[in-house]
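Under my numbering, the sequence shown has 85 at position 83, and the numbering climbs by one with no breaks.
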Amino acid sequence: MNQEAAELWGRAIQAFHTAKQIAETDPDAAAGRAYYAAFYAVSAFFALQGQTFSRHSALEIAISRDLVKAGRWPADLGKTYSFLLELRSTGDYGGAIHVSREDAAKAVTGTRQILEAVSKSNLEQFPFSS
3 MNQEAAELWG RAIQAFHTAK QIAETDPDAA AGRAYYAAFY AVSAFFALQG
53 QTFSRHSALE IAISRDLVKA GRWPADLGKT YSFLLELRST GDYGGAIHVS
103 REDAAKAVTG TRQILEAVSK SNLEQFPFSS
């Protein structure tokens, strides 16, 4: 595995575990950690292919184009990534609007699904057990 992919995957796993731990007590922060776990995981996947992204929106577009439309991921998984991105924005910038515990739990579940999909793409390089 290239070093960048390894580092990103490690960050993904750590962020996922943090999101799980704080989902009940700090849903806003959990939404952010869940999103970043997915972001790092998908970034690790693309890093193995020599692709990097400097903008969150560029990665979201790549997921749609290269994973969902290419038939590698179901459409629901692409929608889950978009949900996570939107929820992170609410948690970070929502002002008086906060992420609910229910949505934080959905974020953790969705992130788990994304990490599982990335892991299944290359079990040796992306080991994962939730």
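Ideal Cβ positions, reconstructed from N, Cα and C, are used throughout, including at glycine. Predicted model, so just to flag it, every value in this text is computed and none were measured.
*Cα-Cα separation, Phe85 to Glu9*: 25 Å
*Could you pull the start and end residues of the alpha helix (DSSP H) that Gln16 belongs to?*
Gln5 to Ile24
*Who are the near neighbours of Glu26 in its chain, counting only those whose CB is closer than 7 Å to its CB and skipping five residues on each side?*
Arg103
*asked:* Using a Cβ distance threshold of 8 Å, determine whether the region 92-110 contacts the region 61-77, with at least three qualifying pairs required.
replied: no
*In the DSSP assignment, find the unbroken alpha helix (DSSP H) run with Val70 in it and report its ends.*
No alpha helix (DSSP H) holds Val70; DSSP gives it neither H nor E.
*In the structure shown, what three-state DSSP assignment does Leu50 receive?*
coil
*C-alpha distance - Arg57 paired with Phe41, whole-angstrom precision*: 11 Å
*Contact check, Ala43 vs Ala21 under 8 Å by CB: the rounded distance?*
The pair is not a contact, with the Cβ atoms about 12 Å apart (cut-off 8 Å).
*Which class does Phe130 belong to by DSSP, given the choice of helix, strand or coil?*
coil
*asked:* Can you tell me where the alpha helix (DSSP H) holding Thr27 begins and where it ends?
replied: Here Thr27 belongs to no alpha helix (DSSP H), and DSSP marks it neither H nor E.
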